[in-house]
Structure formats: structure tokens, C-alpha cells
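Heads up: the structure comes next, in C-alpha cells.
Numbering (our numbering), first residue to last: 23 to 351.
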């Protein structure tokens with residue numbers, strides 16, 4: 023396996039980052055010559071609010087929203103509307119997951135086994151891990167603390183760090199017939215219970231910080247793309263063909279919720295007024311005013327492929343394969 027571990031943003035010098043290994047920038051430049059996905063992300067034209075920029079995931083800490091996507095795109099907003107591009111991103115790989123663990127520290131991950139870290143709320147990023155040439159993209163990551171994180175991918179593959187992404191070790195999530203399930207999203211309940219949403223309607227639950235996992239079936243065979251805990255402890259997961267499930271007992275049991283759509287659902291957010299927004303393909307937006315017990319369906323006129331949603335007060339900020347969008351309210 024080809025593994026690259028760098029702790030300095032591409033293009034920066036050791037003098038600009040005291041304590042970082044001398045020559046790290048040169049090492050990454052050499053790697054980028056062989057693997058273009060490891061080259062510094064290019065600047066994106068901001069015309070029409072970054073319309074046309076494919077975005078796959080978004081995270082929020084306070085007023086700061088960070089959205090990530092293809093070609094190393096990282097967009098930032100502090101006012102729920104105007105976005106700008108991050109100043110420095112050391113890859114052009116497709117970024118599939120992002121998390122802010124606090125107002126300053128965060129992580130992003132994606133194809134080529136890339137894990138990036140930020141110490142300034144997403145303005146600049148440092149390469150922590152990459153495995154170019156390997157067919158094992160990171161589909162999701164989740165940090166329980168600034169130091170402890172889990173990343174997951176295809177065929178049951180998972181890795182874990184306990185030092186803020188500097189080193190990673192294999193993590194066994196499942197065995198037997200569940201061992202090769204694609205692992206698609208990681209989230210936690212307010213009690214600290216961890217969940218991995220996977221294919222074939224399978225959820226994996228850990229009550230001990232990821233040391234051991236128990237497989238749960240929702241009863242359908244469609245992949246589960248996203249999960250979220252609400253403020254009152256209610257858990258929601260969503261996925262293919264409009265499947266939506268709710269748990270009120272910390273994920274021990276799950277009940278199907280009518281979505282009134284067959285479009286795949288990709289993201290969930292709880293807004294400031296306690297309402298819930300769920301988004302999906304073909305401009306699908308579901309809204310709930312009763313904690314996820316029932317949803318009303320709307321479809322955006324543009325039928326954009328929606329990939330993620332974050333709260334901006336009582337508004338929902340939508341991310342799509344066509345860039346960031348307003349929710350129309």
C-alpha cells in the first residue's frame with residue numbers, strides 16, 4: 023500500500039509552519055507529479071455563488087459552515103448565504119465527508135484515502151493521510167473527540183485514529199455475512215452511542231466508543247446514506263428509495279417513517295425552531311414539525327440533486343451537485 027503522511031499544507035515552507043518536518047512540501051509536490059489528485063486544489067470562479075461546484079457534504083460549528091466536494095473544493099460561509107473558497111487545500115481529490123469538532127478544529131476526508139485537518143475553522147488544511155493508487159475511498163469520517171476518529175469505506179473497511187489523524191489502525195466493525203457491507207456514514211447519539219449506516223438496510227451500533235459493534239437491520243435492502251441525532255435524543259436515518267427510519271431508544275429499535283417519495287435521501291438537519299429537514303435527489307425536501315414522526319414532501323422546481331443540508335437558524339442551507347442553494351423560504 024502506498025501511504026503518504028504529511029503535516030504541512032502543500033506549497034508552504036517549513037519556516038511558515040515551525041515544528042513541521044523540513045521537506046514535507048517537496049515530498050507532496052513529488053507525489054502530486056505522480057498522482058494529480060494530491061496536487062493543490064485550484065481556485066474556483068465564484069460567479070453566481072459557486073453554481074456548478076459539486077458538493078457532497080457539509081458541517082457546521084456556530085455560524086461557520088464548511089462544505090466539501092469534488093476536485094478538493096472547500097467552501098466556507100459565516101452568514102448563511104455568501105460562500106468563499108478556503109485559502110489552502112492540499113488535494114484535488116473528491117472530498118466526501120467533513121466535520122468541525124469545534125469552532126477551529128475539523129477534519130475532511132475522501133477519495134485516495136485522503137484525510138485533511140484544519141486548525142482555523144476550514145480556511146487552511148493540512149494533509150494527514152493519503153493512499154493514492156488504492157481503490158479504497160473514505161466515504162465518511164466521524165470524530166468523537168479532537169483526537170479520536172473513525173473513517174469508513176467500501177466492503178466493511180474501517181480505520182481508527184487516537185492521535186488526531188496522525189496515525190491510523192484497522193478497525194473491525196462486522197464479521198460473517200455483514201463483514202463486506204459498504205459503510206456509508208458515521209454519527210453519534212447524545213448518549214455517545216456510535217452508529218454506522220451501511221448498505222442493505224444495515225446499521226452498526228457501538229455503545230463502547232467503537233471497540234465493539236452490533237449489526238441491526240431496518241428490514242429493507244436499500245443502502246442507508248445518512249443519520250442524525252436530534253436534540254431530544256431522537257435518531258433518524260435515511261437512504262435509498264425514500265427509506266426513512268426513526269428511533270426513540272438510542273438506536274436499539276427502528277421504526278419506518280413515511281416519506282411519500284421514492285427518491286434517495288441524503289441529508290438531515292434540525293433547525294433552530296426544532297423542525298427537521300431531510301433532503302434528497304431530484305430536489306426532494308421533506309419537513310417535519312413533530313420530531314421526525316411525520317414529514318411533508320416538497321420538490322424544488324430545479325430538481326437539483328441535493329446532497330447535504332445544514333441549519334441556518336430556522337432556514338435550511340442546501341448543498342447539491344450544482345453548488346450551494348437557498349431553501350426558498
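The beta-carbon is built from N, C-alpha and C at its ideal position, and this holds for glycine as well.
Does the Cβ-Cβ distance between residue i and residue j come in under 9 Å?
{"i": "residue 217", "j": "residue 195", "result": "no"}
{"i": "residue 161", "j": "residue 150", "result": "no"}
{"i": "residue 337", "j": "residue 292", "result": "no"}
{"i": "residue 264", "j": "residue 248", "result": "no"}
{"i": "residue 330", "j": "residue 289", "result": "yes"}
{"i": "residue 59", "j": "residue 136", "result": "yes"}
{"i": "residue 76", "j": "residue 343", "result": "yes"}
{"i": "residue 158", "j": "residue 175", "result": "yes"}
{"i": "residue 132", "j": "residue 83", "result": "no"}
{"i": "residue 328", "j": "residue 305", "result": "yes"}
{"i": "residue 211", "j": "residue 273", "result": "yes"}
{"i": "residue 179", "j": "residue 206", "result": "no"}
{"i": "residue 86", "j": "residue 117", "result": "no"}
{"i": "residue 147", "j": "residue 112", "result": "yes"}
{"i": "residue 352", "j": "residue 102", "result": "The structure shown does not extend to residue 352, since the chain is modelled only from 23 to 351, so the question has no answer here."}
Within its chain, find whatever has a CB closer than 8 Å to the CB of residue i; leave out the 5 residues flanking it on each side and keep chain order.
{"i": "residue 107", "result": "65, 66, 68, 72, 95, 96, 97 and 98"}
{"i": "residue 169", "result": "183, 184, 185 and 186"}
{"i": "residue 215", "result": "227, 228, 229, 272 and 273"}
Taking buried to mean at least 16 other C-beta atoms within 10 Å of its own C-beta, is residue i buried or exposed?
{"i": "residue 177", "result": "exposed"}
{"i": "residue 317", "result": "buried"}
{"i": "residue 275", "result": "exposed"}
{"i": "residue 115", "result": "buried"}
{"i": "residue 167", "result": "exposed"}
{"i": "residue 268", "result": "buried"}
{"i": "residue 280", "result": "exposed"}
{"i": "residue 197", "result": "exposed"}
{"i": "residue 203", "result": "buried"}
{"i": "residue 284", "result": "exposed"}
{"i": "residue 232", "result": "buried"}
{"i": "residue 155", "result": "exposed"}
{"i": "residue 55", "result": "exposed"}
{"i": "residue 345", "result": "buried"}
{"i": "residue 61", "result": "buried"}
{"i": "residue 189", "result": "exposed"}
Got a sec, what are the start and stop residues for the beta strand (DSSP E) residue i sits in?
{"i": "residue 226", "result": "224 to 228"}
{"i": "residue 290", "result": "287 to 292"}
{"i": "residue 149", "result": "148 to 151"}
{"i": "residue 139", "result": "137 to 140"}
{"i": "residue 66", "result": "From DSSP, residue 66 is part of no beta strand (DSSP E); its letter is neither H nor E."}
{"i": "residue 334", "result": "328 to 334"}
{"i": "residue 182", "result": "180 to 183"}
{"i": "residue 269", "result": "266 to 269"}
{"i": "residue 164", "result": "162 to 165"}
{"i": "residue 129", "result": "128 to 132"}
{"i": "residue 117", "result": "117 to 122"}
Who are the near neighbours of residue i in its chain, counting only those whose CB is closer than 6 Å to its CB and skipping five residues on each side?
{"i": "residue 120", "result": "79, 81, 88, 90 and 130"}
{"i": "residue 295", "result": "336"}
{"i": "residue 282", "result": "319"}
{"i": "residue 252", "result": "292"}
{"i": "residue 373", "result": "Beyond the ends of the chain as shown, which are 23 and 351, falls residue 373; an answer cannot be given."}
{"i": "residue 383", "result": "The question about residue 383 has no answer, for the chain in this structure spans 23 to 351."}
{"i": "residue 236", "result": "227"}
{"i": "residue 92", "result": "76 and 116"}
{"i": "residue 307", "result": "301 and 320"}
{"i": "residue 332", "result": "80, 82, 87, 291 and 339"}
Enumerate in chain order the residues of its own chain whose CB-to-CB distance from residue i is below 7 Å, with the five nearest sequence positions on each side excluded.
{"i": "residue 141", "result": "126 and 127"}
{"i": "residue 239", "result": "223 and 224"}
{"i": "residue 254", "result": "313"}
{"i": "residue 100", "result": "85 and 86"}
{"i": "residue 244", "result": "223, 261, 262, 263 and 265"}
{"i": "residue 242", "result": "223 and 265"}
{"i": "residue 234", "result": "228"}
Which whole-angstrom value is the C-beta distance of residue i and residue j, which I expect to be below 8 Å?
{"i": "residue 258", "j": "residue 220", "result": "Actually they do not touch by this definition, with Cβ atoms about 16 Å apart."}
{"i": "residue 321", "j": "residue 347", "result": "That pair is no contact at about 13 Å."}
{"i": "residue 163", "j": "residue 173", "result": "4 Å"}
{"i": "residue 191", "j": "residue 200", "result": "Actually they do not touch by this definition, with Cβ atoms about 21 Å apart."}
{"i": "residue 266", "j": "residue 300", "result": "7 Å"}
{"i": "residue 145", "j": "residue 109", "result": "5 Å"}
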